[in-house]
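**Student:** Here it is, the structure in full.
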Amino acid sequence: MAEKPEDLNLPNAVISRLAKDALPENVNISKEARTAIGKAASVFVLYATSCANNFTQKQNRKTLTAPDVFEALEEMEFEHFIKPLKESLALFRKEQKGKKEAAAESKRKKSDIASEPEPESKRQKIESEDKEKSKEIKTGEAHEDTENEEKP
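Under full-length UniProt numbering, the residue at position 149 of the sequence shown is numbered 149, and the numbers go up by one with no gaps.
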C-alpha cells in the first residue's frame, strides 16, 4: 500500500501529455489545472480499480481482468467508456501479438543463420594466405618474385 497520499498520484508528465493531446495546440494548462486533473484521474483510477476488485472477490479470484474493469465501469455508470476501451484493448492485443510474432520470427532467423555453415572469415582467409606464402618462401618462389619487383 501507499504510505502517503501523494504516492497514489499519476505521474505529472503523463497527465500533462494527455491533457495537451486532448486540447487544441494554442491552449495552455496552468499548474493548478494539471494538479486538479491529476488528482481527479488518480481518484477515478482508484475507484474503478476498487469496483473491479469487488467483482474478482465475488468470483473468488485474485487476478483483476479486463471484463472486471468493464463491469466496474458499467456499475459506476460510465457505460459510454466501455466501447472505446474495448476497441483500444483489441488494438493493443493485436499490436502485442504482432510484436510477439516478429520476435519469434527474428529468433527463428537467428537460429537458422547460426545453424548454416559460416563463410570463410577474413581471419581464416589471411591465415590461409599466410600459409601459402610461407610455403612459397620455403620453395624459393616468393623470393624471386620480390627481387623482380624491387628492380625498376
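The C-beta atom is built at its ideal place from N, Cα and C for all residues, glycine as well.
Taking the continuous alpha helix (DSSP H) assigned at I15, which residues delimit it?
**Tutor:** That run of the alpha helix (DSSP H) goes N12 to A22.
**Student:** Mind checking F70: buried by the 16 CB within 10 Å criterion, or exposed?
**Tutor:** F70 is buried by the Cβ-count criterion.
**Student:** Quick check on R34: does DSSP put it in helix, strand or coil?
**Tutor:** Note: R34 maps to helix in three-state DSSP.
**Student:** Using only CA atoms, which one of A72, K109 and A66 lies nearest to L89?
**Tutor:** Residue A66 is the option with its Cα nearest to L89.
**Student:** Given this structure, state the Cα-to-Cα distance separating R93 from N28, to the nearest angstrom.
**Tutor:** Distance between the alpha carbons of R93 and N28 is about 34 Å.
**Student:** Consult DSSP for I126 and reduce its assignment to one of helix, strand or coil.
**Tutor:** Correct three-state label for I126: helix.
**Student:** CB-CB under 7 Å to P152, same chain, minus the five flanking residues each way: which ones, in chain order?
**Tutor:** Only weak support is given to the placement of P152: the predicted model assigns it a pLDDT of 49, under 50, and the value that follows is read from those uncertain coordinates. Once the five neighbours on either side are set aside, P152 has no close Cβ partner at all.
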